[in-house]
Amino acid sequence: MERIWMKNWPSFVPAEVSYPRGRKPIFEYLRDNAREFPDRTAIIFYGKEVTYGELDRMSDIFANFLLDSGFKKGDCIALFMPSCPQYHIAHYGINKMGGVIAPCSPLFKEWEITYELKDSGAKAIVTLDLLHSVAAGACKECGIKNIIVTSLHDFLPKETAMNPVPIMSFPKMTYPETIEFMDILAGYASTPVKADVGLDDPVQLQYTGGTTGLPKGAILTHGGKLFKVAALMNIMNADAAYIGCQEANLSCLAILPTFHIAGMLGSVDTMIALGNTQVLLVMFDPVTAMQAIERYKLQFFQAAVPMNIAIMDHPERKKYDLTSLKLCLTTSFGVQLTADIARRWKEDTGGCVLAEAAYGLTETHTFDSFMPLDKPKYKPGCQGIPIPGQSIKIVSWEDRFKEVPVGDMGEIVLNNPAVMKGYLNKPLETKNTLIDGWVYTGDMGRFDNDGYLYFLGRKKEMIKVSGFSVFPEEVETFLLRHEAVDKVAVIGAPDVKKGEVIKAFIVLKTEFKGKIKSEDIIAWAKEGISSYKVPQTIDFRDELPMSGVGKVLRRVLLEEEVNKNKKA
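Residue numbering for the sequence shown is 89 to 656, as defined by this note's numbering.
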């Protein structure tokens, strides 16, 4: 299609992607930064500081450990922990020796992580000590013998500079038949690893989902990561200059989880490539975030709209000075960013610009659009304009090769140098999604006459719960393990506060009818699946709506819920 967005291209943003430190893997950007400013702080973790020189050295040590232990280029290593410096160290160490990262959500229960470990063929796992029981059970089933354990206390100061998170109250724990992360850092050489890592080599398996329900491992490459990091570096530098931040080292608040593609691209990759100093938090807490902003005079904040609102509405808000903030790029998870919210935020912080961050998906290494700061829009679903080097078109649902007129709704289709190689072990799903280098997203969208992209919803039956993606068939597969469940269908039911909540429709086995309550199944589910995947409500039915070929018609159930809400 015609690149109609170019008529509104910001004059201060380069129209082509440039590579500030050359075309090479992002771990080489870390090495360059460590040579140029080894004593600059890269990460602040509740008061503990890690410099660029230390991050580079410790990731080299981890890379040497992996090689000395017999791991080789192409081996997959799973990371099973929340945001912490160890995540960055392991991430770059694995990259440097040519390994492939498989990020796993620390919210996973054993059943979930077992699936991803088996599918990825992971050879080892780096886990938080508090998650060891889950990791050990999954590794036993998968035959993984290399379990590396770390604790948040390994990188915490004696006295934290901000409010600690509750899990920090648990002492460090050690386990037999595991390898201590800190023993690795103390016992291996820091000699820079010289592995033959090319831009076309896989860098990570990022799990996503889709029409088949169960998560799929998108194969992302070093070259794809480089392209997205470079594009984000270009735009971040341009935006910073536009709003008046002239400092070479932008100070950032990193809250989005690093196991998620957006948090990884922002915190682990781009902030490090830029040479920024980031305050890294395990999870969002409004008071801790305000403490960090005030103490370290932070200028940039990567957020989600509920975080912005939680800060503004907090009863202790006026105790903290947030005037150092200059730019906050946020995502409309659950709550839509509006002009009123942006105005409130700017007034509340003393001038910080608030804008929608981006549209993106795992299969393209995310960050496929950006909001021009000179002409921001705050309309529902507006995601800004395509990034440099990005092609986006809207095609007909009936004919996937026919573009629809500007303004019409259709399927969002993307092409850029960061597009995945495919889904691991899933050739049919790859064939249906990746066509001639274009990713067919299954997302509904349109362009307006100014070239701004709008995300209008998911054609796929994916559910968004508090910013997390939940796939109905995954929850259904899990619920079918309950002895009382005969048939089940899961939908995202509309919810005023959260946008969507999970609702399950269950047909009980005959012998359990009248003998079990919905609360019993919900309580059981909480023990075996991540909290955000647990159904909020369950309806018992005698039958489920089915198609002629025996497929459950979730859309019929969703229509029932929508109509019920309209009547209410």
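Ideal Cβ positions, reconstructed from N, Cα and C, are used throughout, including at glycine.
All of these numbers come straight from a predicted model, not from anything done at the bench.
Non-local beta-carbon contacts of residue 450 in its own chain, meaning distances under 7 Å to residues more than five positions away in sequence, involve 294, 296, 306 and 349 in chain order. Check the Cα spacing between residue 645 and each of 396, 632 and 653: the tightest is with 632.
Here residue 581 is bridged, per DSSP, to 589. Rounded to whole angstroms, the separation of the alpha carbons of residue 324 and residue 318 is 10 Å.
Restricting attention to 456, 606, 465 and 588, the CA atom closest to the CA of residue 479 is found in 456.
For residue 151, same chain residues with a beta-carbon under 7 Å away, outside a window of 5 residues either side, are 181, 184, 185 and 281 in chain order. Scanning 194, 118 and 561 for the CA closest to the CA of residue 217 turns up 194. In the structure shown, residue 150 falls within a helical segment according to DSSP collapsed to helix, strand and coil.
As the crow flies, the alpha-carbon of residue 245 is around 18 Å from that of residue 127. Under the three-state reduction of DSSP output, residue 397 falls in the helix class.
In the DSSP assignment, the residues bridged to residue 499 are 483 and 532. Look at residue 261 here: in three-state DSSP terms it is coil, with no helix or strand label. A check of alpha carbon separations from residue 366 across 137, 591 and 620 identifies 137 as the nearest. Taking a 10 Å sphere around the C-beta of residue 599, we find fewer than 16 other C-beta atoms and assign the residue as exposed.
In terms of Cβ geometry, residue 627 and residue 595 do not form a close pair [threshold 8 Å]. Unbroken beta strand (DSSP E) runs of no fewer than 3 residues, entirely contained in the stretch 100-179, are found at 129-133, 136-139 and 164-168, following chain order. For residue 296, the uninterrupted beta strand (DSSP E) segment begins and ends at 290-296. Take the alpha-carbon of residue 577 and the one of residue 354: they are about 35 Å apart.
Between residue 543 and residue 616 a beta carbon distance of about 32 Å is seen, past the 8 Å cut, so the two are scored as non-contacting. The beta carbons of residue 315 and residue 503 sit no closer together than 8 Å.
Look at residue 626 here: in three-state DSSP terms it is strand. Under the DSSP assignment, residue 557 falls in the beta strand (DSSP E) whose first and last residues are 556-558. The continuous beta strand (DSSP E) containing residue 552 extends over residues 551-553. Nearest to residue 330 by alpha-carbon distance, out of 92, 571 and 100, is 100. Within 10 angstroms of the beta-carbon of residue 344 lie 16 or more other beta-carbons, which makes it buried. Secondary structure note for residue 362: its alpha helix (DSSP H) is the uninterrupted segment 359-362.
For residue 236, the CB contacts under 6 Å within the same chain, skipping 5 residues up- and downstream, are 214, 267 and 269 in chain order. Listed in chain order, the beta strand (DSSP E) elements of length 3 or more contained wholly in the stretch 424-494 are 441-444 and 479-483. Separation of residue 467 and residue 272 (C-alpha to C-alpha, rounded to the nearest whole angstrom) is 50 Å.
Each residue's CA atom was taken as its position, placing residue 333 and residue 414 some 8 Å apart. Within the same chain, Cβ atoms closer than 6 Å to the Cβ of residue 508 are found at 306, 307, 308 and 451, the five residues on either side in sequence being excluded.
The three-state secondary structure of residue 234, taken from DSSP, is strand. About 19 Å separates the Cβ atoms of residue 530 and residue 421, ruling out a contact at the 8 Å cut-off. For residue 340, the pairing in a beta bridge is given by DSSP as 366 and 388. Distance from residue 570 to residue 609 at the Cβ level is roughly 6 Å; contact confirmed, criterion being Cβ atoms closer than 8 Å. Three or more pairs of CB atoms, one per stretch, sit closer than 8 Å, so the stretch 365-384 contacts the stretch 395-413.
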